[in-house]
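Engineer:
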Amino acid sequence: MIRPRTALKVLVTLAALVLLLAISGHNYVEDIEIIDENSREQQFIPPAMPQANSQINAARPVPAVEKSLSELETQIDLKQAQLLDFLNGEDINSNQNVFGGSLSGMESPFDIKSTWDHVHQYATLILRKKYKKYKILDLSRRVRACLIAYTILYDKPLLVSSLSHDIEFLRNELKSIVDELSFGSMTRLYPWISPRFDSVKAMQDYFFRPDISPLGIAFAAGKSQFILVLHSILTLRKVLNCTLPIEVHYLGPEDLPENMVATLNSMPGVRTVDLTQYFNRPTAWGWSIKPFAILAAGFRNVIFMDADTLFLKNPEIMVQESVIYQKTGQLFFHDRSLPNGSSTEWFLRVNPVPTNYAMSLRYMKRLTYHEMESGVVVIDKSKTSALHALLLVCRMNSYAERTTTDVYIHGDKETFWMSWDMTRTPYQFVPVFGSSIGYKNDHGKVCGGLLHVGEDLQPLWWNGGILTRKLNESYGFLSLGFIALDLTGENIDWEVETESKPYCLGIKDSKNKIIKLGVKEKYLESIYRLLYEDLTRYG
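Letter by letter, the sequence shown follows residues -22 to -1, 1 to 517 of mature numbering (1 follows the signal peptide of the UniProt record, and there is no 0).
As structure tokens, this is what we get:
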């Protein structure tokens, strides 16, 4: 039997607890997160109270000033940009043409400790905040938070001692941030990496394995591109003497039937990859298969090609001889200069602190609707920042995010350079804009495929295949007689394609050029025609 005095003490204690909860104003129902992943709703309820041994929630060194998440968000984009630029080797004495530029011209020395405290507080607080996938600004901040923690933990471990007195605690905390942001129940950015890899670090380490090819080519093709990808592979093997391993990626048997898969697998040095075995099917479709193919490709350095891409030289030179690639671990090519405006305002909303380099692009100056052509993309996945940038490209091309990005940009192509910019990962375009290769029409314009040159300004590859109109043989083969080079992005005149003719490029001043091609290009044209005719004749 409970004594009256004891019962009274219990009631007083319970009343005090109720009052304490009321004063705290905490609503534990709001901690329940509903995540729509792969068309299923899954409910995650984080622990109501922090555990004593939790790495993130344990009593950690308290920064000089604790701030709320809303306070931190007012400056988080700038602080993250400054810290990433610092990690890239920039400082206040960097010239105005430096890639990032957030530290250039600062009146006082960069205070890494206070910047770190701001960025790190933000990273720890967002781990329990709901991640709304359609908010690309939130996505970019989380990816930067993950990249910063990852870089300090694995690439610049000596920094840890200057950021915290408790080195081991901070290391554990950084690892928890990376793991939670990558795979955590409420915050997972990259759920499709699992179960193949249990962490981003495991994926990066995989690319250094001795049995992984250091360089290879990846295509993405379905049944409608089957002849095109076969033709492209044959030109590489039989004409350009390219011996690199080749993968052709597709989305299940409905995308590429078994007989086509068998044909490709029978070719020396070629294998097919069913991406549905790597990633959940709703994740990638249409154009968006491209970044997932690059990520899944079994090569450290990946040369991705569209099925209708044809080279004039062995593509290996892009890795072996490119100054840009040696410096940055990526190679991007400009699209045509089509002055129909751009979604610059949207990009600035989701990336409020763009890099200096981004601000030099036509897109940011509203001079063109498309900045990048993704018919060929070259990436070194072993580089930390490049891998995280590629993961962001994949995230931006996942189903939920596409519902937002498709409103502002066309397909996957802009998501590459935008993701590199959002993560402050140094990148550079080959400094010539999308040009034209083909025949000269009655108005002196060059009509044909979308031409790209190398850093030596020599013709390198074109997009569109060997037919005048892709997949339509009734208009005949493309004649490789001339090239029109857009060297400035200005004073050019594009005539849009129609059912019967391709894009045509006219030159308005002497700064841009029209050049007649020689014997080599005509020889390639004849061989490429014969290969295509043989494919279509004999199936």
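Positions of the beta carbon are idealized from the N, C-alpha and C atoms, including for glycine.
Are residue 238 and residue 204 touching if we call contact CB-CB under 8 Å?
Structural biologist: Yes, the pair counts as a contact, with Cβ atoms nearer than the cut-off.
Engineer: With residue 417 and residue 460 assumed to form a contact (beta carbons below 8 Å), what rounded beta-carbon distance in angstroms separates them?
Structural biologist: 7 Å between Cβ atoms; contact.
Engineer: Taking the CB atoms as reference points, tell me whether residue 80 and residue 63 lie closer together than 8 Å.
Structural biologist: Their beta carbons are under 8 Å apart, which means residue 80 touches residue 63 by this criterion.
Engineer: Run through DSSP, which three-state label would residue 52 get?
Structural biologist: Residue 52 falls in the coil class under three-state DSSP.
Engineer: Are the region 356 to 369 and the region 396 to 407 touching, with three or more C-beta to C-beta distances below 8 Å?
Structural biologist: Verdict: yes, contact present.
Engineer: So the candidates are 414, 167, 426 and 329; which of them puts its Cα closest to the Cα of residue 396?
Structural biologist: When only C-alpha atoms are compared, the closest one is 329.
Engineer: Can you give me the C-alpha to C-alpha distance between residue 514 and residue 431, rounded to a whole angstrom?
Structural biologist: The straight-line gap from Cα to Cα measures roughly 29 Å.
Engineer: Using the rule of at least 16 other Cβ atoms within 10 Å of the residue's Cβ for burial, across every protein chain shown, is residue 451 buried or exposed?
Structural biologist: It is exposed - the Cβ of residue 451 has fewer than 16 other Cβ atoms within 10 Å.
Engineer: Tell whether a beta-carbon distance below 8 Å holds between residue 472 and residue 314.
Structural biologist: Result yes, Cβ atoms of residue 472 and residue 314 sit closer than 8 Å.
Engineer: Under a Cβ-count criterion, where at least 16 other Cβ atoms within 10 Å of its own Cβ denotes burial, should residue 186 be classed as buried or exposed?
Structural biologist: Result: exposed.
Engineer: Taking residue 227 as the reference, give the member of 283, 435, 83 and 216 with the closest Cα.
Structural biologist: Among 283, 435, 83 and 216, the Cα nearest to that of residue 227 is on 283.
Engineer: Measuring alpha carbon to alpha carbon, tell me which residue in 292, 374, 340 and 51 is nearest residue 464.
Structural biologist: Looking at the Cα atoms, 340 is the closest of the given residues.
Engineer: The alpha helix (DSSP H) that contains residue 202, what's its start and end?
Structural biologist: Note, residue 202: premise wrong, no alpha helix (DSSP H); not H, not E.
Engineer: How far does the beta strand (DSSP E) with residue 439 in it reach, from first residue to last?
Structural biologist: Residue 439 -> beta strand (DSSP E) spans 437 to 441.
Engineer: Between the C-alpha atoms of residue 296 and residue 193, what's the straight-line distance to the nearest angstrom?
Structural biologist: Residue 296 and residue 193: Cα-Cα distance of roughly 11 Å.
Engineer: Could you tell me the alpha carbon to alpha carbon distance between residue 116 and residue 379, rounded to whole angstroms?
Structural biologist: Approximately 11 Å, taken between the alpha carbons.
Engineer: Among 106, 270, 257 and 277, which residue has its Cα nearest to the Cα of residue 190?
Structural biologist: Minimum Cα distance to residue 190 is reached at 277.
Engineer: Output the boundary residues of the beta strand (DSSP E) element that contains residue 227.
Structural biologist: First-last of the beta strand (DSSP E) with residue 227: 224 to 228.
Engineer: Counting only runs of 4+ residues fully inside the region 109 to 154, write out the alpha helix (DSSP H) ranges in chain order.
Structural biologist: As far as the region 109 to 154 is concerned, its whole alpha helix (DSSP H) runs of at least 4 residues are 114 to 128 and 138 to 141.
Engineer: Can you grab the Cα-Cα spacing for the pair residue 195 / residue 279, in whole Å?
Structural biologist: Near 9 Å, if we compare the C-alpha coordinates of residue 279 and residue 195.
Engineer: According to DSSP, is residue 350 part of a helix, a strand, or is it coil?
Structural biologist: Reduced to three states, the DSSP call for residue 350 is strand.
Engineer: Is it a yes or a no for the region 102 to 120 touching the region 134 to 149, going by three-plus beta-carbon pairs under 8 Å?
Structural biologist: Flag = no, the region 102 to 120 and the region 134 to 149 do not touch.
Engineer: So, do the region 205 to 225 and the region 172 to 185 have three or more beta carbon pairs nearer to each other than 8 Å?
Structural biologist: Not touching, per the Cβ criterion.
Engineer: When the Cα of residue 495 is compared with those of 507, 414 and 453, which residue comes out closest?
Structural biologist: Considering only alpha carbons, the answer is 414.
Engineer: Can you find the residues in the same chain that come closer than 8 Å, C-beta to C-beta, to residue 83, ignoring five residues on each side of it along the sequence?
Structural biologist: Contacts found: 70 and 74.
Engineer: List the endpoints of the continuous alpha helix (DSSP H) containing residue 408.
Structural biologist: It is not in any alpha helix (DSSP H) - residue 408 carries neither H nor E in the DSSP assignment.
Engineer: Cα separation between residue 274 and residue 483?
Structural biologist: Cα to Cα, residue 274 sits roughly 36 Å from residue 483.
Engineer: In or out: residue 388 buried (at least 16 other Cβ within 10 Å) or exposed?
Structural biologist: The residue in question, residue 388, is exposed, as its Cβ has fewer than 16 Cβ neighbours within 10 Å.
Engineer: Short of 6 Å in beta carbon distance, which residues of its chain neighbour residue 411, apart from the five on each side in sequence? Order them along the chain.
Structural biologist: So the qualifying residues of the chain are 312, 315, 464 and 467.
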